[in-house]
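**Student:** I'd like to ask some things about the structure below.
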Amino acid sequence: AQKVTQAQTEISVVEKEDVTLDCVYETRDTTYYLFWYKQPPSGELVFLIRRNSFDEQNEISGRYSWNFQKSTSSFNFTITASQVVDSAVYFCALATGGFKTIFGAGTRLFVKA
Amino acid sequence: DTGVSQNPRHKITKRGQNVTFRCDPISEHNRLYWYRQTLGQGPEFLTYFQNEAQLEKSRLLSDRFSAERPKGSFSTLEIQRTEQGDSAMYLCASSPAGAPMNTEAFFGQGTRLTVV
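Set out below in structure tokens:
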């Protein structure tokens, strides 16, 4: 079975704090892709990152960084020095063979000024 | 605006009525997806088109649901005899041809359906 678990339903931080969003996935496939998407209040999902299962290098993009660990089936997302504009729902997702992408339930992030 | 466009943005309908939603993907994208998102949940895959061919369909897509992409450009999603459980956000996404399988998809803003 394929599954994505985002255990944190809501997180609230004060601006400039660092915050980590957790994602744990399950799949028996050896080839798969992991994604993070952001869903602001306007509703559209905005792509943030894609990793394939053979690339465990961590990635940093500005204030965003991702930690992929196959040993623990985790793909965590950290926002450094959070800003109010980071407030949104963040989804972790898994894609294997075929064209179906499985999303987690999302983590709602509130960043207070 | 060259993003994925969905119409209408909101639809309120009475139970038992039929509704149709439209999605216009990014013009050079040959892959098109429909997802459904209920409150507090992540999007759930409904169906996938490559050009005009519907290649994959979720078990979530009951007989009351039908999707088409007749000319490989825009797509429509129709729900017949709507039920209150159909109330959700319906998201459309597209991705380009030639990209690796399961590349990132570009999402529209969705159509929020409320069945009363």
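Chains as they are written, first to last, in the numbering used here: chain U, 153 to 265; chain A, 0 to 115. By construction, the Cβ of each residue, glycine as well, lies at the ideal position given by its N, Cα and C atoms. Note that the coordinates shown come from a computational prediction; the quantities given were computed from them, not determined experimentally.
Taking Y242 of chain U as the reference, which of U:V198, U:V176, U:Y177 and U:N219 has the closest Cα?
**Tutor:** Of U:V198, U:V176, U:Y177 and U:N219, the residue nearest in Cα terms is U:V198.
**Student:** Taking Cβ-Cβ distances shorter than 9 angstroms, what residues in chain U pair up with Q108 of chain A?
**Tutor:** Within 9 angstroms Cβ-Cβ: S194, G195 and E196.
**Student:** V3 of chain A and L112 of chain A - do their beta-carbons sit closer together than 8 angstroms?
**Tutor:** The answer is no: Cβ separation not under 8 angstroms.
**Student:** Just how far apart, CA to CA, sit F105 of chain A and F44 of chain A?
**Tutor:** If I take the Cα positions, the gap works out to 14 angstroms.
**Student:** Could you tell me which chain A residues have their CB closer than 8 angstroms to the CB of E252 of chain U, listed as they occur along the chain?
**Tutor:** Note that residue 252 of chain U corresponds to Lys in the displayed sequence, not to Glu. Neighbours of K252 of chain U on chain A, chain order: F44, Y47, E55 and S57.
**Student:** Locate the beta strand (DSSP E) running through D85 of chain A, then write down its first and last residues.
**Tutor:** Neither: D85 of chain A is in no beta strand (DSSP E) and is coded neither H nor E.
**Student:** Which residues, in order along the stretch 62 to 93 of chain A, keep a beta-carbon less than 9 angstroms from a beta-carbon of chain U?
**Tutor:** The residues in question are M88, L90 and A92.
**Student:** What does the alpha-carbon distance come out to for the pair A247 of chain U and S26 of chain A?
**Tutor:** For A247 of chain U and S26 of chain A, the distance between alpha carbons rounds to 24 angstroms.
**Student:** When the cut-off is 8 angstroms and only beta carbons count, does E103 of chain A lie next to chain U?
**Tutor:** For E103 of chain A, the answer is yes, since a Cβ of chain U falls inside 8 angstroms of its Cβ.
**Student:** Apply the 10 Å Cβ neighbour rule to D181 of chain U and answer buried if 16 or more other Cβ atoms are within range, or exposed otherwise.
**Tutor:** The residue in question, D181 of chain U, is exposed, as its Cβ has fewer than 16 Cβ neighbours within 10 Å.
**Student:** If we ignore side chains and look at the alpha-carbon of each, how far apart do K155 of chain U and M88 of chain A end up?
**Tutor:** Cα-Cα distance, rounded: 21 angstroms.
**Student:** My parser needs the beta strand (DSSP E) runs of 3 or more residues fully inside the stretch 222 to 251 of chain U; what are they?
**Tutor:** Listed in chain order, the complete beta strand (DSSP E) runs (minimum 3 residues) inside the stretch 222 to 251 of chain U are 226 to 231 and 240 to 247.
**Student:** Using a Cβ cut-off of 9 angstroms, pull out every chain A residue sitting near G214 of chain U, in sequence order please.
**Tutor:** In chain order: nothing, as chain A lies at least about 18 angstroms away.
**Student:** If F262 of chain U sits next to S239 of chain U, beta carbons under 8 angstroms apart, how far is it from one beta carbon to the other, in whole angstroms?
**Tutor:** With a Cβ gap of about 6 angstroms, F262 of chain U and S239 of chain U count as contacting.
**Student:** Can the beta-carbon of T183 of chain U be found closer than 8 angstroms to that of F229 of chain U?
**Tutor:** Not in contact: T183 of chain U and F229 of chain U (Cβ atoms no closer than 8 angstroms).
**Student:** If C244 of chain U and F227 of chain U are in contact, beta carbons under 8 angstroms, what's the gap, nearest whole angstrom?
**Tutor:** Confirmed, about 6 angstroms.
**Student:** Secondary structure at D207 of chain U, three-state DSSP: helix, strand or coil?
**Tutor:** Three-state result, D207 of chain U: coil.
**Student:** Would you kindly work out how many angstroms separate the C-alpha atoms of R215 of chain U and T161 of chain U, rounded to a whole number?
**Tutor:** When rounded, the distance between both Cα atoms is 22 angstroms.
**Student:** At the level of alpha carbons, what is the spacing between D23 of chain A and T110 of chain A?
**Tutor:** Each residue's Cα considered, the two are about 12 angstroms apart.
**Student:** Under the three-state reduction of DSSP, which class applies to C91 of chain A: helix, strand or coil?
**Tutor:** Note: C91 of chain A maps to strand in three-state DSSP.
**Student:** Output the boundary residues of the beta strand (DSSP E) element that contains E178 of chain U.
**Tutor:** Start and end: V176 to E178.
**Student:** According to DSSP, is F20 of chain A helix, strand or coil?
**Tutor:** Strand, per DSSP.
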